[in-house]
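Asker:
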Amino acid sequence: MNQMLRFGLILGLICAAATLVLAVTYEVTKPKIEDQLKKEESAALAKVVMPGADTFTEKTLDGVEYLEAFKNKRLVGYCIRATGTGYSGYIRMLVGIDLSSTIKGVSILEHSETPGLGAKINEVRPKEEEPYFLRQFKGKQAYSIELKKDVDAITGATISSKAVSDAIRDTVNKFLAKMKDEKGL
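Per the working numbering, the very first residue in the sequence shown carries number 167; after that it's consecutive.
(1) Which one of Ser278, Leu275 and Val242 has the shortest CA to CA distance from Leu265?
(2) DSSP beta-bridge partners for Ala343?
(3) Would you list, in sequence order, the uninterrupted beta strand (DSSP E) runs of no fewer than 3 residues that lie entirely inside the region 183 to 257?
(4) Quick one: what's Val317 bridged to in DSSP?
(5) Quick check on the burial criterion: 16 or more other C-beta atoms within 10 angstroms. Buried or exposed for Cys181?
(6) The beta strand (DSSP E) spanning Leu275 covers which residue range?
(7) Assuming Lys315 and Ile269 are in contact, meaning their beta carbons sit under 8 Å apart, how far apart are those beta carbons, in whole angstroms?
(8) Output needed for Leu283: all residues of its chain with C-beta closer than 6 Å, excluding positions within five of it in sequence on either side, in chain order.
(9) Go to Leu283, then tell me how far its alpha helix (DSSP H) extends in each direction, as first and last residue.
(10) So the alpha helix (DSSP H) Leu265 belongs to, where does it begin and stop?
(11) Go ahead and label Glu200 buried or exposed: buried means 16 or more other beta carbons lie within 10 angstroms of its beta carbon, across all protein chains shown.
(12) With DSSP run on the structure shown, which of helix, strand or coil describes Gln169?
(13) Using C-beta distances below 7 Å, list every residue in its chain close to Asn339, excluding the 5 sequence neighbours before and after it, in chain order.
(14) Count the other CB atoms within 10 Å of the CB of Val261; is the residue buried (16 or more) or exposed (fewer)?
(15) Can you check whether the CB of Ser327 is closer than 8 Å to the CB of Ile320?
(16) Quick check: what's the CA-CA separation for Lys306 versus Lys196?
(17) Looking at the strands, I want to know which residues DSSP matches up with Gln307.
Quick look at the structure:
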C-alpha cells in the first residue's frame, strides 16, 4: 500500500510539472501567435479583401467586428470578420464589401478543415494568385449568396463550402441590419 501511494504521488508531481510547463509555454507564445495573426490579417486586408484601400479603422457594432476601409480619406467599404462552422471546426474569414454590399474579396484567416477536401476552400491553383473557390464570391451581392445558385460548392467538401457561403451571407445581413438601425443606412 505504501508503494502504491508513493507511485501515485510521483505520478501526480509529474502531471503537475507537465501542466506547469504547458501553461508557461502557452503564456510565452500567446503574444507571438496573436501578432502573427494580426500580420496575416493586415496582409489580407490590403491585398485581397479590400484592394485599393489605404487605411482601416477597427469598429464593433453590437457584437459584429468590422473595419471601415478608406481610400484617400473617403469611406469605400467595410471589412467584416465572419466565422462559419465547417466539417472539422470553425472557419474564420474576412469579407470585404463596398458601399453597395458587393463583395470585393474574401480571405480565410484560419480553418481546420480536412486536407485535400475541405481545405480546398483556401487552395490556390498553380499559376493563380488567389483561391479559386473564394474568387467566385467577388462581385456578388453579399446579402443574398446561395451555394449552388451563386457559388459552386467544392466536390467532396459541401459542408465547408456551405459554411463559408452561409457565414458570409449571415454575417453581412446581421451587419447591414445593425448599420441600418445604428446609422439609418
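Here a beta-carbon is modelled for each residue, glycine too, at the ideal position from N, C-alpha and C.
Bear in mind that the values here come from a model prediction, so they are computed numbers and not experimental data.
Answerer: Result, derived from the coordinates:
(1) Position 99 of the sequence shown, counted from the start, is the residue given in the question as residue 265. Ranking Ser278, Leu275 and Val242 by Cα distance to Leu265 puts Val242 first.
(2) On the sequence shown, position 177 is the one that residue 343 refers to. None; Ala343 has no bridge partner.
(3) Qualifying beta strand (DSSP E) stretches, in chain order: 221 to 227, 230 to 237 and 240 to 251.
(4) For the purposes of this step, residue 317 is taken as the residue at position 151 of the sequence shown. Val317 pairs with Leu313.
(5) Here residue 181 refers to the residue found at position 15 when the sequence shown is read from its first residue. An exposed status is given to Cys181, since fewer than 16 other beta-carbon atoms sit within 10 Å of its beta-carbon.
(6) Locating residue 275 in the sequence shown gives position 109, counting from the first residue. Here the beta strand (DSSP E) through Leu275 covers Ile269 to Glu276.
(7) Position 149 of the sequence shown, counting from 1, holds the residue named residue 315. Position 103 of the sequence shown, counting from 1, holds the residue named residue 269. About 15 Å separates the two Cβ atoms, so there is no contact after all.
(8) Looking up residue 283 in the sequence shown gives position 117. Excluding residues within five positions, the ones whose Cβ falls inside 6 Å are Gly322 and Ala323.
(9) Position 117 of the sequence shown, counted from the start, is the residue given in the question as residue 283. For Leu283, there is no enclosing alpha helix (DSSP H), as DSSP gives it neither H nor E.
(10) The residue labelled residue 265 in the question sits at position 99 within the sequence shown. Looking at the DSSP string, Leu265 is not in any alpha helix (DSSP H), and its letter there is neither H nor E.
(11) Locating residue 200 in the sequence shown gives position 34, counting from the first residue. Exposed, since its Cβ has fewer than 16 Cβ neighbours within 10 Å.
(12) One-based indexing of the sequence shown puts residue 169 at position 3. In the structure shown, Gln169 falls within a helical segment according to DSSP collapsed to helix, strand and coil.
(13) Here residue 339 is taken as the residue at index 173 of the sequence shown, counted from 1. Correct list, in chain order: Tyr309.
(14) Counting from 1 along the sequence shown, the entry for residue 261 is found at position 95. Result: buried.
(15) Walking along the sequence shown from the start, residue 320 turns up at place 154. Walking along the sequence shown from the start, residue 327 turns up at place 161. Closer than 8 Å, so yes.
(16) Indexing the sequence shown from 1 puts residue 306 at position 140. Indexing the sequence shown from 1 puts residue 196 at position 30. Between the C-alpha atoms of Lys306 and Lys196 there is a straight-line separation of about 37 Å.
(17) Position 141 of the sequence shown, counted from the first residue, corresponds to residue 307. Gln307 is bridged to Thr268.
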